[in-house]
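*Asks:*
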Amino acid sequence: MVDERVYEMFRDIGRDMYVHNLVSSHGGNISVRFGDRIIIKRRGAMLGRLKPHDLIETGLEKNDSGVALASTELIVHRAIYKATPALAVVHAHPRVAIALSLSRDEIVPIDNEGSYLLKKVPVVSVEFASGTKQMAETLADALKSYKIVFLRGHGSFATGQTLDEAFQWTDALEEAAEIILHAKHLNEEMIEYRRMSDSYKSW
Amino acid sequence: MKGWIGRILVIDLTHSTITTEPLDPGMAQQFIGGRGLGARLLWDLVGPEVDPLSPQNVLIIATGPMTATGFQTSNRFSVSTKSPLSGTVLDANSGGYWGMRFKRAGYDALIIKGRAPKPVYIEITEAGVSLHDATHLWGKRVEETSQALGQDKNKRNVLCIGPAGENLVRFAAIMNDATRAAARGGPGAVMGSKNLKAIVVEGDLRVEMEDKERFRFVQYEATKMLKANPVTSQAFPEFGTAVVMNIINAIGALPAYNFQQTHFDQADAISGEAITETILVKNAACWACPIACTRISKTDMGESEGPEYETAWAFGASCGVDDLVAITNANFLCNDLGMDTISAGSTIACAMELTERGLLTSDLRFGRADLFAQTLEDIALRRGLGDELAEGSYRLAEKHGAPELSMTVKKLEMPAYDPRGMQGQGLLYATSNRGGCHMRGNMLGLEVLGLPKLIDRLQVQGKASFVTLHQNTAAILDSLVACKFVNIAVAEEYLARALTSLTGVSYPTGELIRAGERIWNLERLYNLREGFSRADDTLPPRLLNEPATGASAGWVSHLEPMLAEYYRGRGWDENGVPRPAKLEELTLAELAVEVLHG
Numbered sequence: 131m132v133d134e135r136v137y138e139m140f141r142d143i144g145r146d147m148y149v150h151n152l153v154s155s156h157g158g159n160i161s162v163r164f165g166d167r168i169i170i171k172r173r174g175a176m177l178g179r180l181k182p183h184d185l186i187e188t189g190l191e192k193n194d195s196g197v198a199l200a201s202t203e204l205i206v207h208r209a210i211y212k213a214t215p216a217l218a219v220v221h222a223h224p225r226v227a228i229a230l231s232l233s234r235d236e237i238v239p240i241d242n243e244g245s246y247l248l249k250k251v252p253v254v255s256v257e258f259a260s261g262t263k264q265m266a267e268t269l270a271d272a273l274k275s276y277k278i279v280f281l282r283g284h285g286s287f288a289t290g291q292t293l294d295e296a297f298q299w300t301d302a303l304e305e306a307a308e309i310i311l312h313a314k315h316l317n318e319e320m321i322e323y324r325r326m327s328d329s330y331k332s333w
Numbered sequence: 006m007k008g009w010i011g012r013i014l015v016i017d018l019t020h021s022t023i024t025t026e027p028l029d030p031g032m033a034q035q036f037i038g039g040r041g042l043g044a045r046l047l048w049d050l051v052g053p054e055v056d057p058l059s060p061q062n063v064l065i066i067a068t069g070p071m072t073a074t075g076f077q078t079s080n081r082f083s084v085s086t087k088s089p090l091s092g093t094v095l096d097a098n099s100g101g102y103w104g105m106r107f108k109r110a111g112y113d114a115l116i117i118k119g120r121a122p123k124p125v126y127i128e129i130t131e132a133g134v135s136l137h138d139a140t141h142l143w144g145k146r147v148e149e150t151s152q153a154l155g156q157d158k159n160k161r162n163v164l165c166i167g168p169a170g171e172n173l174v175r176f177a178a179i180m181n182d183a184t185r186a187a188a189r190g191g192p193g194a195v196m197g198s199k200n201l202k203a204i205v206v207e208g209d210l211r212v213e214m215e216d217k218e219r220f221r222f223v224q225y226e227a228t229k230m231l232k233a234n235p236v237t238s239q240a241f242p243e244f245g246t247a248v249v250m251n252i253i254n255a256i257g258a259l260p261a262y263n264f265q266q267t268h269f270d271q272a273d274a275i276s277g278e279a280i281t282e283t284i285l286v287k288n289a290a291c292w293a294c295p296i297a298c299t300r301i302s303k304t305d306m307g308e309s310e311g312p313e314y315e316t317a318w319a320f321g322a323s324c325g326v327d328d329l330v331a332i333t334n335a336n337f338l339c340n341d342l343g344m345d346t347i348s349a350g351s352t353i354a355c356a357m358e359l360t361e362r363g364l365l366t367s368d369l370r371f372g373r374a375d376l377f378a379q380t381l382e383d384i385a386l387r388r389g390l391g392d393e394l395a396e397g398s399y400r401l402a403e404k405h406g407a408p409e410l411s412m413t414v415k416k417l418e419m420p421a422y423d424p425r426g427m428q429g430q431g432l433l434y435a436t437s438n439r440g441g442c443h444m445r446g447n448m449l450g451l452e453v454l455g456l457p458k459l460i461d462r463l464q465v466q467g468k469a470s471f472v473t474l475h476q477n478t479a480a481i482l483d484s485l486v487a488c489k490f491v492n493i494a495v496a497e498e499y500l501a502r503a504l505t506s507l508t509g510v511s512y513p514t515g516e517l518i519r520a521g522e523r524i525w526n527l528e529r530l531y532n533l534r535e536g537f538s539r540a541d542d543t544l545p546p547r548l549l550n551e552p553a554t555g556a557s558a559g560w561v562s563h564l565e566p567m568l569a570e571y572y573r574g575r576g577w578d579e580n581g582v583p584r585p586a587k588l589e590e591l592t593l594a595e596l597a598v599e600v601l602h603g
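First to last, the sequence lines map onto chains H and L.
If you want the numbering used here, it's the position in the first sequence, counting the first as 1, plus 130.
If you want the numbering used here, it's the position in the second sequence, counting the first as 1, plus 5.
(1) Taking all protein chains shown into account, do 16 or more other C-beta atoms lie within 10 angstroms of the C-beta of Asn-550 (chain L), making it buried, or fewer, making it exposed?
(2) Give every residue of the same chain whose Cβ lies closer than 7 Å to the Cβ of Ala-194 (chain L), excluding the five residues on either side of it in the sequence, and list them in chain order.
(3) For the beta strand (DSSP E) that Gly-285 (chain H) lies in, which residues bound it at each end?
(4) Looking at the C-beta of Pro-215 (chain H), does it have a partner C-beta in chain L at a distance below 9 Å?
(5) Is the CB-CB distance between Ala-556 (chain L) and Ala-255 (chain L) below 9 Å?
(6) I want to know whether the segment 41-50 of chain L touches the segment 522-538 of chain L - three or more CB-CB distances under 8 Å.
(7) What does the alpha-carbon distance come out to for the pair Thr-346 (chain L) and Asn-336 (chain L)?
(8) Asp-461 (chain L) versus chain H: which residues are under 7 Å apart at the beta carbon?
(9) Enumerate in chain order the residues of its own chain whose CB-to-CB distance from Ile-129 (chain L) is below 6 Å, with the five nearest sequence positions on each side excluded.
(10) Distance, Cα to Cα, Leu-136 (chain L) vs Glu-213 (chain L)?
(11) Quick check on the burial criterion: 16 or more other C-beta atoms within 10 angstroms. Buried or exposed for Tyr-225 (chain L)?
(12) Just reading off the alpha helix (DSSP H) that Ser-198 (chain L) is part of, what are its end residues?
(13) For Glu-393 (chain L) and Pro-122 (chain L), what's the separation of their Cα atoms in angstroms?
(14) Applying the criterion that 16 or more other CB atoms from any shown protein chain within 10 Å of the CB defines a buried residue, is Pro-30 (chain L) buried or exposed?
(15) With a floor of 4 residues, list each alpha helix (DSSP H) that falls wholly inside the segment 56-123 of chain L, ordered by position along the chain.
(16) Could you pull the start and end residues of the beta strand (DSSP E) that Pro-546 (chain L) belongs to?
(17) Give, in chain order, every unbroken run of the beta strand (DSSP E) that is at least 3 residues long and sits entirely within the segment 158-216 of chain L.
(18) I think Leu-544 (chain L) touches Ser-562 (chain L), with their Cβ atoms under 8 Å apart; what is that distance to the nearest whole Å?
(19) Ordered along the chain, which non-local residues of its own chain (more than five positions away) have a Cβ less than 6 Å from that of Met-230 (chain L)?
(20) Counting only beta-carbon atoms, is Asn-492 (chain L) nearer than 9 Å to chain H?
(21) Could you pull out every residue in the same chain whose Cβ sits closer than 8 Å to the Cβ of Arg-12 (chain L), ignoring the five residues on either side in sequence?
(22) Along chain H, in chain order, which residues have C-beta atoms closer than 8 Å to that of Ala-469 (chain L)?
(23) So what's Ala-261 (chain L) in DSSP terms, helix, strand or just coil?
(24) For Gln-156 (chain L), write down the residues that DSSP places opposite it in a beta bridge.
(25) Taking buried to mean at least 16 other C-beta atoms within 10 Å of its own C-beta, is Leu-316 (chain H) buried or exposed?
(26) From the DSSP output, which residues share a beta bridge with Leu-564 (chain L)?
(27) Starting from Tyr-126 (chain L) and walking both ways along the beta strand (DSSP E), at which residues does that stretch end?
(28) Near Tyr-572 (chain L), what residues of its chain come up, given a Cβ to Cβ distance below 6 Å and the 5 sequence neighbours on each side ignored?
(29) My output table needs one value for Met-306 (chain L): the three-state DSSP class, helix, strand or coil.
(30) Closer than 9 Å, CB to CB, is Pro-260 (chain H) near chain L or not?
(31) In angstroms, rounded to a whole number, what distance separates the CA positions of Ser-367 (chain L) and Glu-313 (chain L)?
(32) Are Gly-43 (chain L) and Ile-10 (chain L) closer than 9 Å when you measure CB to CB?
(33) With a CB to CB cut of under 7 Å and the five nearest residues on each side skipped, what residues in its chain are close to Ala-272 (chain H)?
(34) Return no unless some Cβ of chain H is closer than 9 Å to the Cβ of Gly-75 (chain L).
(35) What does Glu-295 (chain H) touch in chain L if you count any residue whose Cβ is under 8 Å from its own?
(36) Taking the DSSP output, what are the residues bridged to Gln-34 (chain L)?
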């Protein structure tokens, strides 16, 4: 039985993700780890309109009836929890960042907030970019070193101690991506204001 | 392999031998340094047959790869031994300048074995190591000893025990730089049992770095975090750690009158704000620390260091005292006698309750701050009732027929956060491998301060995962060795990158935390080997049965469901024994054979 406080957290973060244009109506998924259990969004449920029955509990390692109801990306969430210290995972489809991921191997924010919080977000590629073992392993491995990683053409996977934290990295990435896009549209020479800014690429 | 010096100094006091051994690179990579390295060495050196105060126990003083690098708070060292108070694996760590200087003398760690036939002190410089007669220093207090041996924070640093350590007070501290303490669990008594009065270090060797430019970049980014965080840049420098006194009281999690209440009406009088307004002379910092939380205070007794939050609470709310000067004087005295302020204050609070309940004949009653000085001296010198108090609150309360009145976990006195108002904190205490301790993981950050994000302090479901993660992280901080306070603002990913660029060994953030999990599990195995079990992972019955007061009114600690979730999440069985698969994953299976299979 999921605690009401846990449901409220899922409901609020899910709603914010939809409102912030980080997912379309039925896209994205979020989860938390409680010991050897995972609580994850129900497959097909709308993040912006989560009800208590949309939270599915299942094992971190062991399958049970929950897997029949859980998000398609359960395999990815499980791999991330097993490989990293994450206690929450947020997967979103931020549109500008997706566009950037199509032409670069890393997204390096140029704005102050993005640099401060994220430094650099690596972009990884897999052939089958939805719910596959290869995708799970690739993302889990990258998330050992980075709190947010981008799957080219698909979306972001962010980790945190709480959904709140993982959501923050996701939202900050999209903001940074939009600023990169605006700066590119302006097409003016950038005046660097950050000391050691070249080092962000090696983060 | 940069970062580590690569040498361990071994001194056998029984035979007066001084040798140097190479640091095993594999062991260093897996257990990092400080507490982790100490636990790993202790595993081999001190088995369950060893009495903590016998010559067979060892004292391990270890720095970590980050020590002396200049990274924020890289001044600390760790002391590992078997605790004479709890009987568990023990590490206690301290800041100041001594740890930095010891590493700069050319060693990662020091292992002290045996017992000297008469009092001695050790002198360690880049030129060599020597043993000296300390008969003339025996009986002297910490300040006097430090001065006699030439304490100069910028050149020559003294670590020593006071009378409490000499007299084997079970919560005696090892003091360094006169006023810094590695105190919890009584490492000073182990040092005293070895007839070792002091260790003096000099040195200026620089730590080699694999990628200095990258290291400095990480450090630069960490500086931004520390400057931007209001706790590390404003609250701690201005008010010290006692800035949380009013905050904790407001949520009904401030234990008072030996945990009979969870709020204290006079909390404001002993708060960080009150310290700053009334007795503070200035704040000060350990080496390479930009936070500067140290209080330099002045009372009728003089000018010295303190009090921190835990001390202000232990002699304050816990004893029903709101006299800040009396509390600060008790702090000064504990430092000079060489005693843990938390255990000292909490043991006195226990004696006060025993007395008020008619179970102990003494003058100690709640509010009697006037008895602090005499009582502390009696403890350190083991005079009269002080001899009983020197055994810690559990043995005291047990002797007088009421062990349940000792506010301890595994015989170590709990600090200033009541588990009834912070549910995760209760699980943290109950599962702490050195006993009732708040430094095994930062639940204050999560449950109260919102660092990194606020979680519901009264929620039970899911708390175990937070406790586990923060225990693993704390093990890493204690092994690097870095101050817990740097992690308030600087996340683990910065530490992992700093360590990687320093050593040349790749530590993805996840792998670094995994090393913390390895250390935690090794310490668990150590305690299991000592005979500890699930039955010891508990809290005093008061916290499980008697409802809280103040803003947490009505709450008790819901430990059992959290403990079950904790064991499952850690990959342990229902008795709290790590499962074989977990031990394989952490490369501890080979070590664990004797525990799991007798």
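Each residue gets a CB set at the ideal place from its N, CA and C atoms; glycine is no exception.
Given the structure is predicted, the values throughout are model-derived calculations rather than measurements.
*Replies:* Short version:
(1) The residue in question, Asn-550 (chain L), is exposed, as its Cβ has fewer than 16 Cβ neighbours within 10 Å.
(2) Within the same chain, Cβ atoms closer than 7 Å to the Cβ of Ala-194 (chain L) are found at Leu-58, Pro-89, Gly-170, Leu-173, Val-174, Arg-175 and Ala-177, the five residues on either side in sequence being excluded.
(3) For Gly-285 (chain H), the uninterrupted beta strand (DSSP E) segment begins and ends at 285-290.
(4) Taking Cβ atoms only, chain L reaches closer than 9 Å to Pro-215 (chain H), which makes this a yes.
(5) Pairing Ala-556 (chain L) with Ala-255 (chain L) gives a Cβ-Cβ distance under 9 Å.
(6) A contact exists between the segment 41-50 of chain L and the segment 522-538 of chain L.
(7) Approximately 7 Å between the Cα atoms of the pair.
(8) Simply Arg-135.
(9) These residues qualify, in order along the chain: Ala-110 and Val-206.
(10) Computed Cα separation, rounded: 29 Å.
(11) Tyr-225 (chain L) sits exposed, since fewer than 16 C-beta atoms from the chains shown fall within 10 Å of its C-beta.
(12) Segment 192-198, the alpha helix (DSSP H) holding Ser-198 (chain L).
(13) Glu-393 (chain L) and Pro-122 (chain L): Cα-Cα distance of roughly 27 Å.
(14) Its Cβ having fewer than 16 others within 10 Å, Pro-30 (chain L) is exposed.
(15) Those alpha helix (DSSP H) runs which fall completely within the segment 56-123 of chain L and span 4+ residues are 103-109.
(16) Run containing Pro-546 (chain L): none in the beta strand (DSSP E); it sits in the alpha helix (DSSP H), 546-550.
(17) Here the runs fully enclosed are 161-165, 179-181, 185-187 and 201-207.
(18) At roughly 6 Å, the Cβ-Cβ gap stays under 8 Å, so Leu-544 (chain L) and Ser-562 (chain L) are in contact.
(19) Within the same chain, Met-230 (chain L) has close Cβ partners Ala-494 and Val-495.
(20) By this cut-off, Asn-492 (chain L) is not an interface position.
(21) Once the five neighbours on either side are set aside, the close Cβ partners of Arg-12 (chain L) are Thr-25, Glu-26, Pro-27, Leu-28, Gly-111, Tyr-112 and Asp-113.
(22) What Ala-469 (chain L) touches in chain H: Phe-164 and Gly-165.
(23) In the structure shown, Ala-261 (chain L) sits in a strand (DSSP, three-state: E or B).
(24) Beta-bridge analysis with DSSP links Gln-156 (chain L) to no other residue.
(25) When all chains shown are included, Leu-316 (chain H) counts as exposed.
(26) DSSP lists no partner for Leu-564 (chain L).
(27) Boundaries of the beta strand (DSSP E) harbouring Tyr-126 (chain L): 125-130, taken from the DSSP string.
(28) The residues are Gly-581.
(29) In this structure, Met-306 (chain L) counts as coil in the three-state DSSP scheme.
(30) Looking at the sequence shown, residue 260 (chain H) is not Pro but Ser. It does not; no Cβ of chain L falls within 9 Å.
(31) In this structure, the alpha-carbon of Ser-367 (chain L) lies about 28 Å from that of Glu-313 (chain L).
(32) Taking C-beta atoms as the reference points, Gly-43 (chain L) and Ile-10 (chain L) fail to come closer than 9 Å.
(33) Excluding residues within five positions, the ones whose Cβ falls inside 7 Å are Pro-252, Val-254 and Val-279.
(34) Chain H, which has no Cβ nearer than 9 Å to the Cβ of Gly-75 (chain L), makes this no.
(35) Chain L residues near Glu-295 (chain H): Pro-457 and Lys-458.
(36) Partner(s): none; Gln-34 (chain L) has no beta bridge.
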